[in-house]
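Residue numbers in the sequence shown follow the numbering used here, run continuously in steps of one, and reach 908 at the last position.
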Amino acid sequence: MGVNHSPLATKIPESPRFPVFPLIATLATQSLATMAAYSFPVVAPVIAEDLQVPGTLVGFFISTVYGVGIISALLSPRFIRRFGAVRVSQLVLVATLAMLLACSVGNVASVVLGAALLGLAYGATAPASAHLLVPRTPPPVMNLVLSIRQIGVPLGGVLAGLIMAPMTLSLGWQTALLWQTLPVLVVVLLLEVARRDWDADRDPSRQIFSKGLLAPVQILVERPELRSLAFASFIYSGLQLCFIAFLTVHLTSKTGFDLVQAGWALAVYQLAAVVSRPIWGWLADKWLSAKFLLAWQGFIMGAAAVLAGQFTESWTHVVVLVLCAVAGATASGFTGLAYAEWARLGGAQRTEATGLGSGLMFAGVLLLPSLFSVAVTYFDDFGLAYACVGGLAALSGLLLLQKPTAANNT
Numbered sequence: 499m500g501v502n503h504s505p506l507a508t509k510i511p512e513s514p515r516f517p518v519f520p521l522i523a524t525l526a527t528q529s530l531a532t533m534a535a536y537s538f539p540v541v542a543p544v545i546a547e548d549l550q551v552p553g554t555l556v557g558f559f560i561s562t563v564y565g566v567g568i569i570s571a572l573l574s575p576r577f578i579r580r581f582g583a584v585r586v587s588q589l590v591l592v593a594t595l596a597m598l599l600a601c602s603v604g605n606v607a608s609v610v611l612g613a614a615l616l617g618l619a620y621g622a623t624a625p626a627s628a629h630l631l632v633p634r635t636p637p638p639v640m641n642l643v644l645s646i647r648q649i650g651v652p653l654g655g656v657l658a659g660l661i662m663a664p665m666t667l668s669l670g671w672q673t674a675l676l677w678q679t680l681p682v683l684v685v686v687l688l689l690e691v692a693r694r695d696w697d698a699d700r701d702p703s704r705q706i707f708s709k710g711l712l713a714p715v716q717i718l719v720e721r722p723e724l725r726s727l728a729f730a731s732f733i734y735s736g737l738q739l740c741f742i743a744f745l746t747v748h749l750t751s752k753t754g755f756d757l758v759q760a761g762w763a764l765a766v767y768q769l770a771a772v773v774s775r776p777i778w779g780w781l782a783d784k785w786l787s788a789k790f791l792l793a794w795q796g797f798i799m800g801a802a803a804v805l806a807g808q809f810t811e812s813w814t815h816v817v818v819l820v821l822c823a824v825a826g827a828t829a830s831g832f833t834g835l836a837y838a839e840w841a842r843l844g845g846a847q848r849t850e851a852t853g854l855g856s857g858l859m860f861a862g863v864l865l866l867p868s869l870f871s872v873a874v875t876y877f878d879d880f881g882l883a884y885a886c887v888g889g890l891a892a893l894s895g896l897l898l899l900q901k902p903t904a905a906n907n908t
């Protein structure tokens with residue numbers, strides 16, 4: 499039940515309070531970094547026209563951020579242990595500033611550079627947050643706290659949509675990017691106020707480039723109980739982005755939705771992710787284990803994917819929106835529970851474990867939508883592509899329900 503009997507319990511100070519300010523800090527860091535990354539897809543047509551490149555190429559911006567982010571997710575734990583979670587969070591925001599400034603130059607080379615700069619730090623957001631939050635969070639609300647922090651990802655996407663589109667129309671996309679630097683800079687400075695206390699556990703003697711640099715990968719080899727979670731993290735995150743990347747084009751081409759109606763369907767998907775994450779966390783803390791809920795999320799998102807592949811003009815708008823909400827609540831609502839489970843199973847190596855989790859999720863984001871696109875293009879059939887990824891999600895759920903062997907519990 500929940501995480502009350504987690505091996506992390508011995509690492510948490512007596513009677514910790516609900517970590518309001520650390521949670522706000524990590525949520526703000528995630529939201530601002532994600533808003534910067536998702537600003538490009540929001541105004542992709544305008545940027546593509548200005549740079550004189552095909553609109554589809556703008557999609558490579560996100561791919562670059564997540565691709566480079568895999569590296570930073572796996573390597574960041576050592577930096578976090580040496581410099582502290584707050585200092586690394588500040589570096590994430592400095593990288594966000596660098597990305598915004600580089601991209602505002604307004605040419606293809608600067609945009610590619612900006613994506614790489616953000617990716618170099620973006621993968622550290624979850625490991626730094628787990629390192630900061632877990633010791634300060636009471637075990638009975640661990641899943642809830644980490645789920646609330648994960649709201650930062652869809653919230654960043656929502657903020658990008660609400661802010662970038664109107665600002666681009668009135669000021670231009672380069673100026674709109676520059677305006678984002680202000681809140682980022684403010685949060686960097688505010689984090690400095692708390693850094694001394696929150697980074698008190700840093701180890702300045704920790705070697706960065708030495709044996710064990712890839713400890714996150716090593717723990718997957720040493721800890722078989724993490725493997726089903728690893729597979730699920732990869733598949734679930736990939737399915738999450740398949741919905742986001744292809745939902746609007748699928749609805750406009752197969753159901754008769756116009757672009758605005760398809761946009762509303764995607765908004766429902768994202769909103770369901772925001773609303774559901776703390777609910778899933780609360781359920782995991784109070785009633786059911788995170789692993790059990792993650793398994794059932796796999797079954798539900800798998801079924802939602804199979805049904806989405808059957809969209810036709812005969813489907814009513816209400817039914818489509820309900821299905822989008824179910825998909826968003828599961829395929830995009832799982833991440834808080836997943837990170838809580840990575841931290842729980844990681845024990846004393848929770849920072850490395852969450853780094854591995856981030857790397858696997860980023861890999862899913864990078865690879866599965868690309869394979870989905872190839873399948874749709876080759877077979878000219880959304881149904882088959884959705885059925886394949888949906889089946890993998892259901893398989894992930896089954897693997898999560900398997901009980902670990904006695905060897906795995908030692």
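Backbone N, C-alpha and C define an ideal beta-carbon position, used for all residues, glycine too.
Keep in mind that this is a model prediction, so the values were computed, not measured.
By the DSSP assignment, the alpha helix (DSSP H) with N641 in it spans what residues? Within the sequence shown, residue 641 is the residue found at index 143, counting from 1. It spans 640 to 647 - the alpha helix (DSSP H) in which N641 sits, taken as one unbroken run.
Since I believe T833 is in contact with Q648 (beta carbons under 8 Å), could you give me their beta-carbon distance rounded to a whole number of angstroms? Counting from 1 along the sequence shown, the entry for residue 648 is found at position 150. Counting from 1 along the sequence shown, the entry for residue 833 is found at position 335. 5 Å between Cβ atoms; contact.
Roughly how many angstroms separate the alpha carbons of I578 and A626, rounded to a whole number? Residue 578 sits at position 80 when you count from the first residue of the sequence shown. Residue 626 sits at position 128 when you count from the first residue of the sequence shown. Computed Cα separation, rounded: 6 Å.
Among the candidates S570, G567, S735, L660, whose CA atom is the shortest distance from the CA of G761? Position 263 of the sequence shown, counted from the first residue, corresponds to residue 761. Ranking the options by Cα distance to G761, first place goes to L660.
Which residues in the same chain have their Cβ closer than 7 Å to the Cβ of E839, if we skip the five residues on either side of it in sequence? For the purposes of this step, residue 839 is taken as the residue at position 341 of the sequence shown. Around E839: L727, A788, K789, L792.
Is any non-hydrogen atom of the ligand SAH found closer than 7 Å to the C-beta of I717, if you look at the structure I gave you? Ligands displayed in this structure: none; no statement on the ligand SAH is therefore possible.
The stretch 759 to 773 contacting the stretch 872 to 892, beta-carbon criterion three pairs below 8 Å: no
Between D756 and R580, which are expected to be in contact by the criterion C-beta below 8 Å, what is the C-beta distance as a whole number of angstroms? Here residue 756 corresponds to residue number 258 of the sequence shown, with the count starting at 1. Here residue 580 corresponds to residue number 82 of the sequence shown, with the count starting at 1. About 53 Å; that fails the 8 Å criterion.
Using DSSP with H/G/I as helix, E/B as strand and the rest coil, what is V518? Taking the sequence shown and counting its residues from 1, one reaches residue 518 at position 20. Looking at V518 - three-state DSSP - the assignment turns out to be helix.
Would you call the stretch 776 to 784 in contact with the stretch 636 to 650, where contact means no fewer than 3 C-beta pairs closer than 8 Å? yes
A698 versus F516 - alpha carbon distance: Here residue 698 is taken as the residue at index 200 of the sequence shown, counted from 1. Here residue 516 is taken as the residue at index 18 of the sequence shown, counted from 1. The alpha-carbon atoms of A698 and F516 are separated by roughly 19 Å.
So, with DSSP's three-state summary, where would you put M499? For the purposes of this step, residue 499 is taken as the residue at position 1 of the sequence shown. Low per-residue confidence applies at M499: pLDDT is 41, beneath 50, and the placement is therefore not dependable enough to give any value.
Checking 8 Å against the spacing of the C-beta atoms, do L631 and L530 come in under that value? Residue numbering aside, residue 631 sits at position 133 when the sequence shown is read from its first letter. Residue numbering aside, residue 530 sits at position 32 when the sequence shown is read from its first letter. Contact flag unset, no.
T814, DSSP secondary structure in three states: Locating residue 814 in the sequence shown gives position 316, where the first residue counts as 1. Residue state, collapsed to three classes: coil.
Would you call the stretch 852 to 861 and the stretch 655 to 675 in contact, with 3 or more CB pairs under 8 Å? no
Determine the direct distance from the alpha carbon of R704 to that of W794, and round the result to whole angstroms. Position 296 of the sequence shown holds residue 794. Position 206 of the sequence shown holds residue 704. If I take the Cα positions, the gap works out to 40 Å.
S602 burial status per 10 Å Cβ neighbour count (16 or more: buried): Within the sequence shown, numbered from 1, the residue matching residue 602 stands at position 104. With 16 or more Cβ atoms within 10 Å of its Cβ, S602 is classed as buried.
Measure how close the beta-carbons of V590 and A619 come, nearest whole angstrom, since I'm counting them as under 8 Å. Stepping through the sequence shown from its first residue, residue 590 is reached at position 92. Stepping through the sequence shown from its first residue, residue 619 is reached at position 121. V590 to A619, Cβ: 4 Å. Contact.
Going straight from the alpha carbon of G655 to that of T532, what length do you get? Within the sequence shown, numbered from 1, the residue matching residue 655 stands at position 157. Within the sequence shown, numbered from 1, the residue matching residue 532 stands at position 34. Roughly 7 Å between the two C-alpha positions.
Quick check: the Cα distance between M662 and L805, rounded to an integer number of angstroms? Residue mapping note: residue 662 aligns to position 164 of the sequence shown, counting from 1. Residue mapping note: residue 805 aligns to position 307 of the sequence shown, counting from 1. Approximately 33 Å between the Cα atoms of the pair.
Would you mind working out which of S871, V872, L739 sits nearest V863, comparing C-alpha positions? In the sequence shown, residue 863 corresponds to position 365, counting from 1. Comparing Cα-Cα distances from V863 to each of S871, V872, L739, the minimum goes to L739.
Could you name each continuous beta strand (DSSP E) segment of 3 residues or more that falls completely within the stretch 567 to 622, going from the start of the chain to the end? none
Note down, in chain order, each residue of its chain lying with its Cβ closer than 6 Å to the Cβ of H629, except the 5 sequence neighbours on either side. Start at 1 with the first residue of the sequence shown, and residue 629 comes out as number 131. Once the five neighbours on either side are set aside, the close Cβ partners of H629 are I578, A583, T849.
Please report the straight-line C-alpha distance between A622 and S812, rounded to a whole angstrom. On the sequence shown, position 124 is the one that residue 622 refers to. On the sequence shown, position 314 is the one that residue 812 refers to. Roughly 45 Å between the two C-alpha positions.
Buried versus exposed, by CB contacts within 10 Å (16 or more), R846: Counted from its first residue, the sequence shown places residue 846 at position 348. For clarity, residue 846 is Ala in the given sequence; the question names Arg instead. When all chains shown are included, A846 counts as exposed.
What is the rounded straight-line gap between the Cα of D548 and the Cα of A542? Here residue 548 corresponds to residue number 50 of the sequence shown, with the count starting at 1. Here residue 542 corresponds to residue number 44 of the sequence shown, with the count starting at 1. Answer to the nearest angstrom: the Cα atoms are 10 Å apart.
Beta-carbon of V518 versus every beta-carbon of chain E: anything under 8 Å? As a matter of chain content, chain E is missing from the structure shown, which is built from one protein chain.
Report the rounded CA-to-CA distance for T562 versus F860, giving the unit in angstroms. As a first step, residue 562 is located in the sequence shown; it is residue number 64 there, counting from the start. As a first step, residue 860 is located in the sequence shown; it is residue number 362 there, counting from the start. Distance between the alpha carbons of T562 and F860: 11 Å.
Inter-residue Cα distance where the pair is L680 and A885: Counted from its first residue, the sequence shown places residue 680 at position 182. Counted from its first residue, the sequence shown places residue 885 at position 387. Rounded to the nearest angstrom, the two C-alpha atoms are 44 Å apart.
Here's the rule: buried if 16 or more other CB atoms are within 10 angstroms of the residue's CB, otherwise exposed. What is D783? Numbered from 1 along the sequence shown, position 285 holds the residue referred to as residue 783. When all chains shown are included, D783 counts as buried.
Ignore the nearest five residues each way along the sequence and tell me which others in A904's own chain have a CB closer than 8 Å to its CB. Position 406 of the sequence shown, counted from the first residue, corresponds to residue 904. Bear in mind that the predicted position of A904 carries a pLDDT of just 45, short of 50, making it unreliable; the figure below should be weighed with that in mind. Closer than 8 Å at Cβ, skipping near neighbours: no residue.
Run through DSSP, which three-state label would Q900 get? Taking the first residue of the sequence shown as position 1, residue 900 is located at position 402. Coil at Q900, not helix or strand.
Are S731 and L821 closer than 8 Å when you measure CB to CB? On the sequence shown, position 233 is the one that residue 731 refers to. On the sequence shown, position 323 is the one that residue 821 refers to. No; because the gap between Cβ atoms is not below 8 Å, this pair is not in contact.
Between the alpha carbons of D695 and A593, how many angstroms are there, rounded? The count along the sequence shown starts at 1 and reaches residue 695 at position 197. The count along the sequence shown starts at 1 and reaches residue 593 at position 95. Their backbone Cα atoms lie some 23 Å apart in a straight line.
Round the Cβ separation of Y771 and S830 to the nearest angstrom and send it over; I've been treating them as touching at under 8 Å. Here residue 771 is taken as the residue at index 273 of the sequence shown, counted from 1. Here residue 830 is taken as the residue at index 332 of the sequence shown, counted from 1. It should be pointed out that residue 771 corresponds to Ala in this sequence rather than to Tyr. Contact holds; Cβ gap of about 4 Å.
Return helix, strand or coil for G834, following the three-state DSSP convention. For this step, residue 834 is matched to residue 336 along the sequence shown. Looking at G834 - three-state DSSP - the assignment turns out to be helix.
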